[in-house]
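First up is the structure itself, then whatever we jot down about it.
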């Protein structure tokens, strides 16, 4: 009965897996917001270093992880894979449940897997400062940690509702030397415009992205960094799924079901892409790869697959993705990291093609699952991760009904130690189960103002 | 200094303890059956906690309609502005309200039930905010604080409170005693509420900004209302706001029918609804919870009967409510008079609460409560 399955440091993957190479046809390209022509490397130069642009567009199967990046990743990687014996026993399921624990990173989540290489490539390109946005603060703190390692300055636009709800994420950024500004702010034109219309807005990720992109585009020494959605971010996260595959092989197993929560899609990509590749190349054709999203922001389950802006102001390239419309401001649920109107173009494509699928849950049922997990496995998970836990528990309960001994793997992306006020709200019965009125919207489609 | 009007209906609630389902016109019978007045005690429970509040000045009625209750609660500053005539509680209540309206008060605090609320509202309308200390037999109206202690909190915090809409409901007591429950919506008063965080789609409000919430709901409904479809609009200020956004003048307390943003019929009864929906392929019902208990059907809009709902179909009932109203209503209730239809609503329902925003609310289903939750999962 092995509870923790551990890889040695030298077994840490040396390459990222690029699922774009295994797609049957290339992705639809991002389009320029003004010309609607495909975006080329030159269009992105103003805000990204060339190596990341290359990775964004690459169709190479593997991309080397630089040695200096590996050195940093080894601070917490390879991360442990756990067999959730106690959860299995509690559920009385014949299924085997494994979870990948990404909360062991210094910032407490999977986000450092990409913040470190992104900071590294920017440093190499001679950039002095990085501007970014953060929703719940996970990404902002992860980038603050990474920029500190490479002596870069860091400005984080943090969605205002989280800035006040989660003050300790802001404090972490300060410890690592970053500047954290509540968004919308008056530092940018796009932020000021939103504030003028709506001085009491809680902010949203889409607005914060507009501010960070504007900051980077208007300062020569400054680049932009995104914590999710983009291809190169998903690429960096594939180290998670590759490790999982190795770790499961050590106990002679391979997952029937792979689960991750979905906001912008990067952690789900990280655990899911290596298995999606196995599925598309015929090695393991039947793996069920499931993204779990909040019912209040059900991009993959209820959105439309089409070109849309990545931000509210319409400054980013148009991406082909599942979207609820870039003007959709998701309600302030506690899983702040899952509040995004769109989704990673690759994840969207794979869901559209049927390689992956998605389900959605209300936040109170996700918290209930999070509590079950804490009371069996001990770890108090972040509200975002509790969605993945809920997905895994439901699949395990299905196995209980059918008697199937499936292997379920899910990504446990981070701890909830800064989310205790959200748990308090859950215990006080104060969580509101927001949802997206998709049926009414679908019936009336065509009457709703067009996205572009 | 806040000026608080106080009206106590001394006989409120007396009928309840002796099985009279209300006290209107039955005071003597209630006394004969051994009922004792309890409204004074209820009022004191709300007043004792605020006896030290310095910035409140009470205007009240003589004797047990206010004066003796204030004195007994240790409240030092009050002025008797109305002398009770003692003919009937309803006449005295209305007369007292008229005097308080003339004297000018920031709030009328009253102790009674639905009948008292209705009497006071009939005089002051929306001009003066009302707050009820619950003491009656029936309390379907939304003007009541949940307890005397909660009323005390609202009165002392009046400076910081905000105003919300509250339905004035009453049951026809004669019909009720004969065995049928017929609630009517008599009006929509304004009631102080504690400032709480209320979430709309676009921002977190520090106060229940009801008008803004209603506007968001109306904008969304206008977007999703289908051409050619017949819409039955229930009573209340939220459905009224939808009609107003469509450019239609709706009856606040009645049920109206709309098609293609045009009024088809106003203030219709069940018969007219059945006639209008006859042969219609697509009928929708837009309703809002009415009253303090959260009834979406069966209170205040009985025109939308079981037969009408069946004709539209349960799936075509669209519930709308402001986030603040939902915050105060933990569960919704359905009472169409047809239990099998009530059960068709299931254990939860989507409630539109903002622009492209909904909440999932529990429906209290006594017979179903053991079968566990089945809400919430959507698969692609």
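Protein chains in written order, with our numbering: chain A, 1 to 452; chain B, 1001 to 1380. Glycine included, every Cβ here is placed at the ideal spot set by N, Cα and C.
{"Check": "Measure the alpha-carbon distance for residue 260(A) versus residue 110(A) and round it to whole angstroms.", "Outcome": "12 angstroms"}
{"Check": "Indicate whether at least one CB of chain B lies closer than 9 angstroms to the CB of residue 260(A).", "Outcome": "no"}
{"Check": "Can you round the beta-carbon distance between residue 112(A) and residue 105(A) to whole angstroms, since I take them to be within the 8 angstroms contact cut?", "Outcome": "4 angstroms"}
{"Check": "Three or more C-beta pairs closer than 8 angstroms, one from the stretch 202-218 of chain A and one from the stretch 75-91 of chain A: is that the case here?", "Outcome": "no"}
{"Check": "Between residue 1194(B) and residue 1157(B), how many whole angstroms is the CB-CB distance? I'm expecting something under 8 angstroms.", "Outcome": "7 angstroms"}
{"Check": "Which residues of the stretch 1328-1356 of chain B have a Cβ closer than 7 angstroms to any Cβ of chain A? Give them in chain order.", "Outcome": "1350, 1352 and 1356"}
{"Check": "Give me the chain A residues within the contact set of residue 1163(B), using Cβ-Cβ distance strictly less than 7 angstroms, ordered along the chain.", "Outcome": "Under the 7 angstroms cutoff, chain A gives no residues; its nearest Cβ is about 19 angstroms from residue 1163(B)."}
{"Check": "In the structure shown, what three-state DSSP assignment does residue 415(A) receive?", "Outcome": "strand"}
{"Check": "Express the C-alpha separation of residue 273(A) and residue 359(A) in angstroms, rounding to a whole number.", "Outcome": "18 angstroms"}
{"Check": "List the residues that DSSP assigns as beta-bridge partners of residue 1111(B).", "Outcome": "1008(B) and 1133(B)"}
{"Check": "When burial is assigned at 16 or more other CB atoms within 10 Å of the CB, is residue 1280(B) buried or exposed?", "Outcome": "exposed"}
{"Check": "Please specify which runs of the beta strand (DSSP E), each continuous and at least 3 residues long, are wholly inside the stretch 65-93 of chain A, giving them in chain order.", "Outcome": "81-83"}
{"Check": "Comparing the C-beta of residue 1318(B) with each C-beta of chain A, is any distance below 9 angstroms?", "Outcome": "yes"}
{"Check": "If residue 1322(B) sits next to residue 1214(B), beta carbons under 8 angstroms apart, how far is it from one beta carbon to the other, in whole angstroms?", "Outcome": "6 angstroms"}
{"Check": "Buried or exposed: which applies to residue 1201(B), given that a residue is buried once 16 or more other Cβ atoms fall within 10 Å of its Cβ?", "Outcome": "Residue placement at residue 1201(B) is poorly supported in this model, since its pLDDT is 35, which falls under 50; the coordinates are not used for a value here."}
{"Check": "Does the beta carbon of residue 208(A) come closer than 9 angstroms to any beta carbon on chain B?", "Outcome": "no"}
{"Check": "Measuring alpha carbon to alpha carbon, tell me which residue in 1150(B), 1033(B) and 1002(B) is nearest residue 1044(B).", "Outcome": "1150(B)"}
{"Check": "Just list the alpha helix (DSSP H) runs in the stretch 383-448 of chain A, keeping only unbroken ones of 4 residues or longer that don't cross its boundaries, in chain order.", "Outcome": "383-402, 420-427 and 438-443"}
{"Check": "For chain A, check one thing: does any of its Cβ atoms lie closer than 9 angstroms to the Cβ of residue 1323(B)?", "Outcome": "yes"}
{"Check": "Counting contacts by CB-CB distance shorter than 9 angstroms, is residue 1326(B) in contact with chain A?", "Outcome": "yes"}
{"Check": "Can you pull the chain B neighbours of residue 120(A), defined as C-beta to C-beta under 9 angstroms?", "Outcome": "Residues of chain B passing the Cβ test: none, with the nearest at roughly 37 angstroms."}
{"Check": "Residue 429(A) CB to nearest chain B CB: under 9 angstroms?", "Outcome": "yes"}
{"Check": "Pull up the DSSP beta-bridge partners for residue 1260(B), would you.", "Outcome": "BP columns for residue 1260(B) are empty, so no partner."}
{"Check": "Mind checking the stretch 334-348 of chain A against chain C and listing, in chain order, the residues whose C-beta falls within less than 8 angstroms of any C-beta there?", "Outcome": "The displayed structure is made up of protein chains A and B, and chain C is not among them."}
{"Check": "Can you tell me where the alpha helix (DSSP H) with residue 213(A) in it begins and where it stops?", "Outcome": "205-217"}
{"Check": "For residue 1332(B), count neighbouring Cβ atoms within 10 angstroms of its own Cβ and tell me buried if that reaches 16, exposed if not.", "Outcome": "buried"}
{"Check": "Could you work out which residue in 330(A), 292(A), 177(A) and 217(A) is closest to residue 387(A) when comparing CA atoms only?", "Outcome": "292(A)"}
{"Check": "Of the choices 1185(B), 1307(B) and 1260(B), whose alpha-carbon is the least far from that of residue 1143(B)?", "Outcome": "1185(B)"}
{"Check": "What are the boundary residues of the beta strand (DSSP E) that residue 133(A) is part of?", "Outcome": "129-134"}
{"Check": "Smallest Cα separation from residue 1052(B): which of 1110(B), 1153(B), 1128(B) and 1145(B)?", "Outcome": "1153(B)"}
{"Check": "Is DSSP giving residue 297(A) helix, strand or coil here?", "Outcome": "coil"}
{"Check": "Could you name the residues of chain B that residue 328(A) contacts, counting a contact when the two beta carbons are closer than 7 angstroms?", "Outcome": "1356"}
{"Check": "With a threshold of 9 angstroms between beta-carbons, can residue 355(A) be considered close to chain B, or not?", "Outcome": "no"}
{"Check": "On the three-state DSSP scale, how would you describe residue 379(A)?", "Outcome": "coil"}
{"Check": "Relative to the C-alpha of residue 225(A), which candidate in 52(A), 419(A) and 422(A) has its C-alpha closest?", "Outcome": "52(A)"}
{"Check": "Inspect the beta-carbon positions of residue 244(A) and residue 100(A) and report whether they are closer than 9 angstroms.", "Outcome": "yes"}
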